Structure formats: structure tokens, C-alpha cells
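I have placed the structure first, in the form of C-alpha cells, so that the comments after it can refer back to it.
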Amino acid sequence: MTEKIEEINLYHIQIPMSEPFKISSGEVSVKDSIIIELKFESGIVSYGEASPMAGSFYSNETPESVWSELINFVGLIDKKFNFDNFEKEISKVITRFSKLGLSSYAIAGIETALWDAHSKITNKPIYALLGGNYKEIESGLAIGIYDSVDKLLNKIERYLELGGYKRVKIKIQKGWDIEPISSVRKFFTDIPLMVDANCAYTRDDIEHLKRLDDFGLIMIEQPLSKDDIEGHAILQSKISTPICFDESADSIEKLNKAFEINACKIINIKIQRVGGLLNAKKMHDFCKENKIPVWIGTMPELGIGSFQALSLCMLDNCKFPTDVEDSLRWYTDDIIEPMIEVKNGIIIFRDYINVSLEKVKKYTVNKTKVKLS
3 MTEKIEEINL
13 YHIQIPMSEP
23 FKISSGEVSV
33 KDSIIIELKF
43 ESGIVSYGEA
53 SPMAGSFYSN
63 ETPESVWSEL
73 INFVGLIDKK
83 FNFDNFEKEI
93 SKVITRFSKL
103 GLSSYAIAGI
113 ETALWDAHSK
123 ITNKPIYALL
133 GGNYKEIESG
143 LAIGIYDSVD
153 KLLNKIERYL
163 ELGGYKRVKI
173 KIQKGWDIEP
183 ISSVRKFFTD
193 IPLMVDANCA
203 YTRDDIEHLK
213 RLDDFGLIMI
223 EQPLSKDDIE
233 GHAILQSKIS
243 TPICFDESAD
253 SIEKLNKAFE
263 INACKIINIK
273 IQRVGGLLNA
283 KKMHDFCKEN
293 KIPVWIGTMP
303 ELGIGSFQAL
313 SLCMLDNCKF
323 PTDVEDSLRW
333 YTDDIIEPMI
343 EVKNGIIIFR
353 DYINVSLEKV
363 KKYTVNKTKV
373 KLS
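Residue 3 is where the sequence shown starts when you use this note's numbering, and the numbers rise one by one after that.
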């Protein structure tokens with residue numbers, strides 16, 4: 003079936019976070035997201051999300067830069083899209099926009115809007131189109147950096163009571179690692195625990211990082227620079243705690259190099275980082291072939307992007323709880339109804355979502371209709 007795109011609208015949305023989220027490289031208190039709305043001649047309306055973190059401390063891309071990319075280039079998309087040859091056609095879209103120099107965030111927004119349309123046209127949930135099978139999705143609690151260990155412990159206790167999360171992940175950095183990890187392990191003895199450094203360390207810190215083996219961690223996520231694959235291999239050879247790639251996992255080529263030199267044992271896949279669901283699925287499959295387990299991360303995204311991430315969680319090589327959490331854990335509100343909920347550590351998953359146009363309008367700080375070429 004060939005569908006014609008008649009209209010493309012972009013919405014820059016801002017929703018306050020429930021509390022500031024601090025990692026080793028910076029802090030955010032407002033969630034920025036760019037929603038891509040595709041309107042088709044048949045009446046179908048679909049949505050994608052481009053979700054870079056505000057500021058440039060996490061990546062070079064910002065909401066402003068991705069907004070500019072989309073305004074300038076999304077109108078170049080072919081007006082007619084053949085959904086009968088979906089994977090072939092979506093690959094063309096990815097290749098075209100990649101050659102134009104668009105970031106993975108912008109491409110993810112465009113690409114996932116087409117997956118949403120595909121789901122609505124076929125009346126099949128996205129996870130089924132990806133080749134996944136329904137299963138319960140466990141949610142893990144991700145906790146940022148706080149001013150004190152007491153505050154960290156109080157926050158963990160509160161969120162575990164609210165959501166019953168299946169594991170805890172705490173952010174670490176130089177000067178904020180051994181003490182908070184040991185305190186969390188002491189006060190929450192039974193909860194599976196992992197840490198995320200967001201590239202905060204260097205090879206000079208390897209002796210220090212060896213101390214993390216004392217805490218029985220599930221994994222240490224992205225301890226070194228995203229480009230230091232060899233450094234991760236050296237570190238992994240000296241510690242028993244599995245290293246998980248996050249920022250480093252942006253292409254299959256890089257993963258292939260990492261697997262060849264045993265630089266990591268687990269992969270965190272993020273739709274925004276790899277440029278959409280198809281690339282994420284390919285990365286999942288490549289890891290499965292190499293017997294490397296994966297799990298699905300989040301920027302975090304709003305409800306549209308989070309739902310797409312949850313759809314990816316249905317693939318069979320996703321072996322650890324996702325970072326997608328209850329909407330109100332991250333934000334004061336969301337743009338989907340019902341919002342994402344977590345009960346006893348399990349995501350209440352629905353095959354489809356409804357985008358609230360009223361909430362989109364409420365939280366939109368900039369809107370534009372893109373002219374189709």
C-alpha cells in the first residue's frame with residue numbers, strides 16, 4: 003500500500019521534570035522534545051519523537067540544533083511511501099537523511115513516525131512489526147547524582163515504594179562512587195544494583211575502578227570515553243564486573259570492534275542514539291548473533307519515544323530491565339493518554355498509545371508546518 007504524506011508539523015515541547023536530573027556531565031530540569039506529526043492523504047496521522055537532552059553536555063545535539071535540522075530537511079522526504087516494502091523503504095529514508103548530515107536524533111524522529119504510521123495501517127503493534135513477542139517488561143530505577151548520600155538513599159527508598167522497580171541504577175563520577183555505592187548496597191541489600199558513569203573516567207582511573215568489583219554490581223555502564231574502545235578492553239580484562247556500552251554503542255561497526263577485543267559484555271540500545279527503530283533492531287540482532295545481551299535505555303524520552311522503546315523491549319535478546327519508567331517518575335505530565343505506568347516493577351504495556359493533542363498544545367513552545375518539496 004502506498005500512502006501520500008500531505009502535511010508535516012513539528013512541535014517543540016517542554017515539560018518540567020519531577021526533579022532535576024544530574025549526571026556526571028551536567029543537569030537538566032526541563033524535558034525538551036520535538037514531536038514530528040505526519041498527516042497522510044488517507045486520514046492517518048502518525049507521530050515520532052526526536053529527543054536530545056537540553057544543553058550540549060550529553061551530546062553535541064541539542065533541542066535547538068535538531069529543530070533546525072528538521073525544519074531544513076524533513077520536507078525533503080518522499081511524499082509517497084510504499085508500506086508494502088516497509089523495511090526497504092525505511093532504509094532509503096535513513097540513508098538519504100544520513101547522507102544529508104542529519105543527526106541520529108532527527109532521523110529517529112522521522113523514522114519512528116513512519117513506524118507509527120505502519121502500525122496504524124496494518125493494525126499491528128510496533129513490537130510485532132519488529133518481530134517481537136509480547137512479554138512482561140521489567141522496569142529499573144535510574145537515579146541521578148545528589149548533594150548527599152542521605153538524599154540519594156531517601157530518593158531510592160521513595161521510588162522503590164512507589165514503583166517496586168526491579169533494579170537500581172545510580173549515576174557515578176569521580177568523587178561520587180565508592181561511598182554512594184557502598185551505602186546503597188548496605189541499605190538495599192537485595193536489590194540488583196548497577197552504576198552508570200556517562201564517560202566520567204579515564205584509563206588513569208583503572209586501579210580505582212577495580213574497587214567496584216567489591217559490590218556485586220550487575221554492570222558498570224560506560225565508564226570511559228565513548229571513543230576509547232581499547233581502554234574499555236583493558237579495563238574489562240582487569241575487572242570481573244561486566245562493562246556495558248551506552249554512548250559507545252552508536253554503530254554496528256563500533257560494536258564489532260568492541261566484541262573482537264572483549265571491550266564489553268552488555269549493550270544498552272537507545273533509539274535516539276542509533277537513529278530509529280530499524281537500526282536499533284539491527285543492533286539487537288547483531289548482539290544476539292554474538293551472544294551479547296542487551297537492554298533498552300532512554301534519554302529519557304516523553305511518552306511517544308518511551309512507548310517505542312518499550313516496543314523494542316519485546317525482542318528476545320533484551321535481558322535486563324529497561325530504564326523506561328513511570329511517566330510521573332520523570333515528568334510532571336506527559337503527552338500520551340494513559341501515561342506510562344509501573345506497578346510492582348512491571349510496565350503496564352498497551353499495544354497502542356493515544357497522543358493527547360490538548361497536552362501537545364499546552365506544552366508546545368514552538369510549532370511549524372514544514373513545506374513539502
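For every residue, glycine included, the Cβ atom is placed at its ideal position computed from N, Cα and C.
Note that the coordinates shown come from a computational prediction; the quantities given were computed from them, not determined experimentally.
Per-residue DSSP class, three states only, for residue i
i, result
"residue 256", "helix"
"residue 157", "helix"
"residue 141", "strand"
"residue 269", "strand"
"residue 73", "helix"
"residue 189", "helix"
"residue 237", "helix"
"residue 363", "helix"
"residue 385", "The requested residue 385 is not part of the displayed model; the chain covers only 3 to 375."
"residue 351", "coil"
"residue 152", "helix"
"residue 232", "helix"
"residue 338", "strand"
"residue 223", "strand"
Proximal residues to residue i (C-beta, below 6 Å), its chain only, five neighbours per side dropped
i, result
"residue 53", "35, 274, 301, 303, 307"
"residue 368", "14"
"residue 29", "22"
"residue 341", "329"
Limits of the unbroken beta strand (DSSP E) element including residue i
i, result
"residue 31", "28–42"
"residue 50", "47–52"
"residue 326", "Where residue 326 is concerned, there is no enclosing beta strand (DSSP E), given that its DSSP letter is neither H nor E."
"residue 298", "296–298"
"residue 450", "Here the chain has residues from 3 to 375 only, and residue 450 is not among them."
"residue 245", "245–247"
"residue 216", "Run containing residue 216: none; DSSP gives neither H nor E here."
"residue 196", "195–198"
7 Å CB neighbourhood of residue i in its chain, flanking five on each side removed
i, result
"residue 282", "271, 273, 276, 314"
"residue 243", "214, 215, 219, 221, 222"
"residue 288", "254, 257"
"residue 118", "48, 49, 50"
"residue 122", "46, 48"
"residue 84", "4, 91"
"residue 81", "6, 7, 374"
"residue 358", "337, 338, 339"
"residue 78", "375"
Endpoints, the alpha helix (DSSP H) within which residue i is located
i, result
"residue 281", "279–291"
"residue 124", "106–124"
"residue 178", "No alpha helix (DSSP H) contains residue 178, which DSSP labels as neither H nor E."
"residue 13", "Counting along the chain, residue 13 falls outside any alpha helix (DSSP H), though it belongs to the beta strand (DSSP E) covering 4–25."
"residue 97", "88–101"
"residue 312", "305–314"
"residue 373", "Residue 373 -> no alpha helix (DSSP H), and no H or E assigned at all."
"residue 211", "208–211"
Status (buried if at least 16 other CB within 10 Å, exposed otherwise) for residue i
i, result
"residue 268", "buried"
"residue 1", "Residue 1 lies beyond the stretch modelled for the chain, which goes from 3 to 375, so this question has no answer here."
"residue 209", "exposed"
"residue 285", "buried"
"residue 350", "exposed"
"residue 189", "exposed"
"residue 316", "buried"
"residue 354", "exposed"
"residue 124", "exposed"
"residue 74", "exposed"
"residue 291", "exposed"
"residue 361", "buried"
"residue 64", "buried"
"residue 377", "This structure does not reach residue 377, given that the chain is present from 3 up to 375, and the question cannot be answered."
"residue 262", "exposed"
"residue 203", "buried"
"residue 365", "buried"
"residue 191", "exposed"
"residue 370", "exposed"
"residue 198", "buried"
"residue 152", "exposed"
Contacting residues, own chain, Cβ-Cβ under 8 Å from residue i (five flanking each side not counted)
i, result
"residue 145", "154, 157, 158, 161, 170, 171, 172, 173"
"residue 68", "36, 52, 54, 105, 107, 108, 111"
"residue 264", "235, 238, 239"
"residue 96", "109, 113, 277, 278, 280, 281"
"residue 252", "106, 228, 275, 276"
C-beta neighbour in chain B for residue i, strict 8 Å
i, result
"residue 284", "Although the question refers to chain B, the structure presented lacks it and comprises just one protein chain."
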